[in-house]
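Trainee: As given, the protein sequences belong to chains C and D, one line each in that order.
Note that the working numbering has the first sequence beginning at 1, numbered continuously upward.
Note that the working numbering has the second sequence beginning at 1, numbered continuously upward.
For every residue, glycine included, the Cβ atom is placed at its ideal position computed from N, Cα and C.
These numbers come from a predicted model, not from an experiment.
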Amino acid sequence: MATTATESIVVRRPVDVVAKVTTDPGVLLPLVAGLGRFAFIGRHEDGTEEWDMFLDIGAIHVGGRVLVVTAERSLTWRSVRGTRHSMVVEVTDHPDGAVVTMAMTVQLGGLVLGRAAELLARGIAGRHLVAGLEQLRHHLEFGPAGP
Amino acid sequence: MALVRLPSLHRVPDGIEGRDPEFIRRTLPRLWLAFELYFRAEVDGFEHVPDEPVLFVGNHSGGASVPDTWLFLLAYNTYFTVEGRPMIGLAHRIITDTPLVGDLARRFGMVKAGPHRARELLDQGANVLVYPGGDVEALRPTRDRNRIVFDGRKGFLKLAHDAGVKIVPVVATGGQETMLIFNDGRRTAKALGFDKLLRVKSLPLTLSLPWGFLPGGLPNIPLPAKIRMQVLPPIDLRERYGDDPDWDAAYDYVTSTMQVALSSLGARSILPVLG
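1) At 8 Å on the CB atoms, spell out the chain D contacts of L138 of chain C, in chain order.
2) Assuming T206 of chain D contacts L214 of chain D under a Cβ cut-off of 8 Å, what Cβ separation, rounded to an integer in Å, is found between them?
3) Excluding the five sequence neighbours on either side, which residues of its own chain have a C-beta within less than 8 Å of the C-beta of T257 of chain D, listed in chain order?
4) What residues from chain D crowd round V130 of chain C, counting only those whose CB sits closer than 8 Å?
5) Looking at the structure shown, is H92 of chain D part of a helix, part of a strand, or coil, going by DSSP?
6) I need the DSSP call for H277 of chain D, collapsed to helix, strand or coil.
7) Leaving out the 5 sequence neighbours to the left and right, which residues in its chain are closer than 7 Å to P50 of chain D when beta-carbon positions are compared?
8) Can you say whether T81 of chain D is buried or exposed, counting buried as having 16 or more other CB atoms within 10 angstroms of its CB?
9) Identify whether D56 of chain C lies in helix, strand or coil by the three-state DSSP scheme.
10) Quick one: is Y253 of chain D near chain C, going by C-beta distance under 9 Å?
11) Taking 8 Å as the threshold, find out whether the segment 42-52 of chain C comes into contact with the segment 66-83 of chain C through three or more Cβ pairs.
12) Keeping to the same chain, check which residues put their C-beta closer than 6 Å to that of S202 of chain D; ignore five residues upstream and five downstream.
13) Taking a contact to mean a Cβ-Cβ separation below 9 Å, would you say L129 of chain D touches G58 of chain D in this structure?
14) Give me, in chain order, the residues of the same chain whose beta-carbon lies closer than 8 Å to that of M87 of chain D; leave out the 5 immediate sequence neighbours on both sides.
15) Note down, in chain order, all residues in the segment 93-124 of chain C with a beta-carbon under 9 Å from any beta-carbon belonging to chain D.
16) Does chain C have any CB closer than 9 Å to the CB of I181 of chain D?
17) Given a cut-off of 9 Å, decide if M179 of chain D and G63 of chain D are closer than it, judged by their beta-carbon atoms.
18) Got a sec: is the Cβ-Cβ distance from L203 of chain D to anything in chain C below 9 Å?
19) Would you kindly work out how many angstroms separate the C-alpha atoms of A168 of chain C and E239 of chain D, rounded to a whole number?
20) Just the Cα atoms here: how many angstroms apart are T69 of chain D and T92 of chain C?
21) Would you report the Cα separation of R84 of chain C and G114 of chain C, rounded to the nearest angstrom?
22) Buried or exposed: which applies to I221 of chain D, given that a residue is buried once 16 or more other Cβ atoms fall within 10 Å of its Cβ?
23) Distance cutoff 9 Å, beta carbons only. Does P272 of chain D sit that close to anything in chain C?
24) Does the separation of the CB atoms of G64 of chain C and R81 of chain C fall below 9 Å?
25) Terminal residues of the continuous alpha helix (DSSP H) containing E45 of chain C?
26) So A116 of chain C packs on V106 of chain C, CB below 8 Å; how close in whole Å?
27) Among C:G97, C:A103, C:D96, which residue has its Cα nearest to the Cα of E90 of chain C?
28) Using the Cα positions of D14 of chain D and K112 of chain D, report the straight-line distance between them to the nearest angstrom.
29) Any heavy atom of the ligand SAH inside 8 Å of the beta-carbon of Y79 of chain D?
30) Using a Cβ-Cβ cutoff of less than 7 Å, which residues in the same chain neighbour E83 of chain D once the five nearest sequence positions on both sides are dropped?
31) Using the beta-carbon count (16 or more within 10 Å), is G102 of chain D buried or exposed?
32) Compare the C-beta of E49 of chain C against all C-beta atoms of chain D and say whether one is closer than 9 Å.
33) Residues of chain D with CB closer than 9 Å to the CB of G58 of chain C, please, in chain order.
34) Using CA coordinates, which residue listed in D:D162, D:D244, D:A261, D:D252 is at the minimum distance from R119 of chain D?
35) Provide the residue span of the alpha helix (DSSP H) that contains I227 of chain D, from first to last.
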């Protein structure tokens with residue numbers, strides 16, 4: 001079973017600028033994992049990268065090693081170790097600049113309790129996505145990448 | 001603009017002279033116990049506060065009960081001691097005019113909000129706590145509990161700039177989980193004339209103890225939500241925006257900074273109310 005949390009935010013900066021920052025794992029992952037920890041592991045010949053990324057949620061650490069794939073306006077990753085999950089980050093046009101959308105899918109084992117845990121996980125993941133998106137927006141509008 | 005004026009039933013002066021350090025000292029242990037046990041409260045970041053008068057700017061939550069305001073007063077007075085620089089909170093008249101509650105609030109260092117009150121207090125050397133979002137933010141829908149809603153109000157920026165004091169943002173989560181609010185009540189308040197008669201700008205449908213369903217928010221028994229507060233590094237508007245600020249840009253920056261911190265604090269919740 002799997003559950004997906006999806007959140008979006010409008011960033012008032014040109015879409016190309018937003019896409020460039022958003023698809024850079026070195027910028028995005030620290031922002032998304034601002035409430036946890038992250039570490040760059042290595043780069044493969046095909047351009048994909050491996051990162052360790054964990055969110056600290058109460059007494060547990062959700063995440064693991066992920067394989068990151070980037071494109072012009074998107075960044076995706078899937079777990080290769082740890083919590084089974086995947087992430088899609090997309091940048092699209094908006095009249096005020098750009099929209100960044102993040103969708104995180106988490107797979108947890110179990111039947112009834114697994115369902116309950118997934119419900120909980122969707123809320124937690126959603127709040128982390130909002131926090132990450134707000135960090136990204138602020139970074140782009142007021143930080144080093146700002147006007 | 002207010003047409004309805006309640007007769008004053010209060011014995012405690014409405015100003016810095018009404019703050020009663022000895023009363024605060026006696027009350028702190030009981031308040032601390034209540035907030036630790038009932039709200040499992042956490043307040044961090046006081047090390048960011050400089051030793052000079054500052055304008056604390058917070059996000060307002062919890063309807064008329066405003067538990068995070070009481071928590072902040074409690075935490076401030078224990079961190080800086082009751083003899084330290086006094087902190088005065090500007091409160092809506094619904095709080096300051098309520099019998100007993102109003103006197104209690106004044107002794108704790110709250111005064112009725114007014115156009116020149118904050119400047120007077122800063123000039124007297126006090127730290128001042130304001131909630132630009134007022135009742136609109138305190139009565140925002142539960143779905144927006146982790147949103148900054150200042151309703152475009154920029155007076156606090158002009159106040160800090162004119163007085164030459166730094167803004168110290170304070171964000172809090174959990175306060176808006178102490179009651180349920182189902183809609184944005186700004187249009188209702190305007191349609192019924194509450195905004196002009198009582199200076200009440202929002203009249204949403206709420207569910208709270210012991211009232212049940214109610215239009216608007218009366219002082220209520222809050223649900224035992226976990227409250228987290230974070231004091232952020234100061235913002236110097238003069239340093240960042242000069243002598244003639246672009247107020248829209250300053251507003252966007254301050255609210256954006258607070259929104260980032262509020263969302264991060266919100267992400268620490270496992271379950272709403274339980275924390």
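Mentor: Walking through what the data contain:
1) If you number the first sequence from 1, residue 138 of chain C lands on position 138. In the sequence as presented, Leu is not what sits at residue 138 of chain C; that position holds His. The answer, in chain order, is S256, T257, Q259, V260.
2) If you number the second sequence from 1, residue 206 of chain D lands on position 206. If you number the second sequence from 1, residue 214 of chain D lands on position 214. The pair is a contact, with the Cβ atoms about 5 Å apart (cut-off 8 Å).
3) As a first step, residue 257 of chain D is located in the second sequence; it is residue number 257 there, counting from the start. Result list for T257 of chain D: P169, L232, I235, in chain order.
4) Position 130 of the first sequence, counted from the first residue, corresponds to residue 130 of chain C. N146, S263, G266, A267, listed in chain order.
5) As a working mapping, residue 92 of chain D is identified with position 92 in the second sequence. Of the three classes helix, strand and coil, the one that applies to H92 of chain D here is coil, per DSSP.
6) With chain D running from 1 to 275 in the structure shown, residue 277 of chain D is simply not present.
7) The residue given as residue 50 of chain D occupies position 50 in the second sequence. So the qualifying residues of the chain are K166, P234.
8) In the second sequence, residue 81 of chain D corresponds to position 81, counting from 1. With fewer than 16 other Cβ atoms within 10 Å, it is exposed.
9) Position 56 of the first sequence, counted from the start, is the residue given in the question as residue 56 of chain C. Strand, per DSSP.
10) One-based indexing of the second sequence puts residue 253 of chain D at position 253. Closer than 9 Å: yes.
11) yes
12) Sequence index remark: in the second sequence, residue 202 of chain D carries index 202 (1-based). These residues qualify, in order along the chain: D135, V136, L139, G185, R186, A189.
13) Working through the second sequence from its first residue, we reach residue 129 of chain D at position 129. Working through the second sequence from its first residue, we reach residue 58 of chain D at position 58. Their beta carbons are under 9 Å apart, which means L129 of chain D touches G58 of chain D by this criterion.
14) Here the question's residue 87 of chain D lines up with position 87 in the second sequence. Correct list, in chain order: F56, L73, Y76, N77, F80, G109, A126, N127, V128, L129.
15) L120, G123, I124
16) Here the question's residue 181 of chain D lines up with position 181 in the second sequence. Not an interface residue.
17) Residue 63 of chain D sits at position 63 when you count from the first residue of the second sequence. Residue 179 of chain D sits at position 179 when you count from the first residue of the second sequence. In this structure, M179 of chain D lies closer than 9 Å to G63 of chain D by Cβ.
18) Against the second sequence, residue 203 of chain D aligns to sequence position 203. Closer than 9 Å: no.
19) Coverage of chain C is limited to positions 1 through 147, which leaves residue 168 of chain C absent and any answer about it impossible.
20) As a working mapping, residue 69 of chain D is identified with position 69 in the second sequence. As a working mapping, residue 92 of chain C is identified with position 92 in the first sequence. Going from the Cα of T69 of chain D to the Cα of T92 of chain C covers about 40 Å.
21) Translated into positions along the first sequence, residue 84 of chain C becomes position 84. Translated into positions along the first sequence, residue 114 of chain C becomes position 114. So the alpha carbons of these two residues sit roughly 13 Å apart.
22) Residue mapping note: residue 221 of chain D aligns to position 221 of the second sequence, counting from 1. Around the beta carbon of I221 of chain D, fewer than 16 other beta carbons sit within 10 angstroms, so the residue counts as exposed.
23) As a working note, residue 272 of chain D is residue 272 in the second sequence. Taking Cβ atoms only, chain C reaches closer than 9 Å to P272 of chain D, which makes this a yes.
24) On the first sequence, residue 64 of chain C is found 64 positions in, with the first residue counted as 1. On the first sequence, residue 81 of chain C is found 81 positions in, with the first residue counted as 1. Taking 9 Å as the Cβ cut-off, G64 of chain C and R81 of chain C qualify as a contacting pair.
25) Reading the first sequence from its first residue, position 45 is the one you call residue 45 of chain C. Where E45 of chain C is concerned, there is no enclosing alpha helix (DSSP H), given that its DSSP letter is neither H nor E.
26) Here residue 116 of chain C refers to the residue found at position 116 of the first sequence. Here residue 106 of chain C refers to the residue found at position 106 of the first sequence. With a Cβ gap of about 13 Å, A116 of chain C and V106 of chain C do not count as contacting.
27) Counted from its first residue, the first sequence places residue 90 of chain C at position 90. Answer by Cα proximity: C:A103.
28) Here residue 14 of chain D refers to the residue found at position 14 of the second sequence. Here residue 112 of chain D refers to the residue found at position 112 of the second sequence. If I take the Cα positions, the gap works out to 7 Å.
29) Inclusion of the ligand SAH in the displayed structure is not the case, the ligand content being empty and no account of it being possible.
30) Counting from 1 along the second sequence, the entry for residue 83 of chain D is found at position 83. Hits under 7 Å: P21.
31) Working through the second sequence from its first residue, we reach residue 102 of chain D at position 102. Residue burial is scored here from C-beta neighbours: G102 of chain D has at least 16 other C-beta atoms within 10 angstroms and is therefore classed as buried.
32) The residue you call residue 49 of chain C lines up with position 49 of the first sequence. Answer no: the Cβ-Cβ gap between E49 of chain C and chain D never drops below 9 Å.
33) In the first sequence, the residue the question calls residue 58 of chain C occupies position 58. Under the 9 Å cutoff, chain D gives R268, I270.
34) Numbered from 1 along the second sequence, position 119 holds the residue referred to as residue 119 of chain D. Considering only alpha carbons, the answer is D:D162.
35) Position 227 of the second sequence, counting from 1, holds the residue named residue 227 of chain D. DSSP places I227 of chain D outside any alpha helix (DSSP H), giving it a letter other than H or E.
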